[in-house]
Amino acid sequence: MCKVYVDLIILDMLLLLRNVICWFFRYRQYGLWDRYTEIYPDVDLVFTIGLSNYQTDWFFAHLNRYFYNDDGNKTYAPTTWQVLFDLEDVDQSSNYTLQLAFASAHEAELQVRFNDPEIDAPHYSTGLIGKDNAIARHGIRGIYRLYTINVPGSLLGFGTNIMYLKQSRGDRPFRGLMYDYIRLEGPSDESD
Ligand SMILES: *[C@@H]1O[C@H](CO)[C@@H](O)[C@H](O)[C@H]1NC(C)=O
Ligand SMILES: *[C@@H]1O[C@H](CO)[C@@H](O)[C@H](O)[C@H]1NC(C)=O
960 MCKVYVDLII
970 LDMLLLLRNV
980 ICWFFRYRQY
990 GLWDRYTEIY
1000 PDVDLVFTIG
1010 LSNYQTDWFF
1020 AHLNRYFYND
1030 DGNKTYAPTT
1040 WQVLFDLEDV
1050 DQSSNYTLQL
1060 AFASAHEAEL
1070 QVRFNDPEID
1080 APHYSTGLIG
1090 KDNAIARHGI
1100 RGIYRLYTIN
1110 VPGSLLGFGT
1120 NIMYLKQSRG
1130 DRPFRGLMYD
1140 YIRLEGPSDE
1150 SD
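The numbering of the sequence shown is the numbering used here, which starts it at 960 and goes up by one.
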């Protein structure tokens, strides 16, 4: 009994200490953008609707992946995130609507593809957007953007679908996006 009690106290103090340390460094996390590559070293982020938790499985910003080129110089490559979702019922002759909102963007381009990551022309592209510099400044300012995107039902299928979100502008660490929300809306019910 007594030993368990002592152990608990030690654990508590360690937790307290760790929190204090984290608290001191929370303001200055220079290089936080490189954490994406460290957390997702091989495969980019995959988010499964119904299984993943946005609080733990969604990264704070859509960032580039760093690597060292043949000269040993650090460079940055685009990344493609996947959102997996199940459809039990698809109306392929109607249009769905994707609501895509960003809290911030910097020299970025988001390309959206459904179920085919290789198709040359994306199903939607924002074009080059953003001069917010919010990634370097850790998101203290940004211009809000909302895109309402038409998604032909013919791009979707029964069962598991994948939405590919590619930030296609590489080369530099500060090119990227911060999402606010993403919502795929079904076609409006024409019998209404
Ligand atoms: C690699 O970095 C060095 C030092 O900054 C630079 O002189 C060189 O031009 C770079 N090489 C390439 C291929 O960018
Ligand atoms: C779907 O959207 C396209 C492009 O805006 C439009 O031409 C078409 O009529 C729409 N289809 C339906 C069923 O609303």
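Backbone N, C-alpha and C fix where the C-beta goes; we use that ideal spot for every residue, glycine too.
Within the same chain, E1068 come within 7 Å of G1086 by CB-CB distance, once the 5 residues on both sides are set aside. Around the beta carbon of F1073, 16 or more other beta carbons lie within 10 angstroms, which makes this residue buried.
Between the stretch 1135 to 1148 and the stretch 1004 to 1024 there are three or more C-beta pairs closer than 8 Å, enough to call the two in contact. Residues lining ligand 2 by the Cβ criterion, that is a Cβ closer than 7 Å to any of its heavy atoms, are S1052, S1053, N1054, N1109, P1111 in chain order.
By the Cβ rule, the stretch 1033 to 1046 counts as touching the stretch 1115 to 1130, because three or more pairs are nearer than 8 Å. A distance of 8 Å or more separates the beta carbons of L1115 and Q1070. G1135 is bridged by DSSP to H1065.
Here DSSP, grouped into helix, strand and coil, assigns L1124 to strand. Ranking W1017, P1076, D1029, Y1035 by CA distance to the CA of N1120 puts P1076 first. L1046 is the residue among L1010, L1059, L1046 whose C-alpha sits nearest the C-alpha of G1145. Only residues of its own chain outside the window of five on either side were considered, and among them G1112, P1146 have a CB closer than 6 Å to the CB of S1053, listed in chain order. Within the model, the alpha-carbon separation for Y989 versus G1031 is close to 22 Å. If you draw a straight line from the Cα of L1010 to the Cα of D1001, it comes to about 21 Å.
Taking the CA atoms as reference points, R1096 sits about 43 Å from D1048.
Ranking Y1035, R1142, Q1058 by CA distance to the CA of R994 puts Y1035 first. Scanning L991, T1007, I1094, G1089 for the CA closest to the CA of F1044 turns up T1007.
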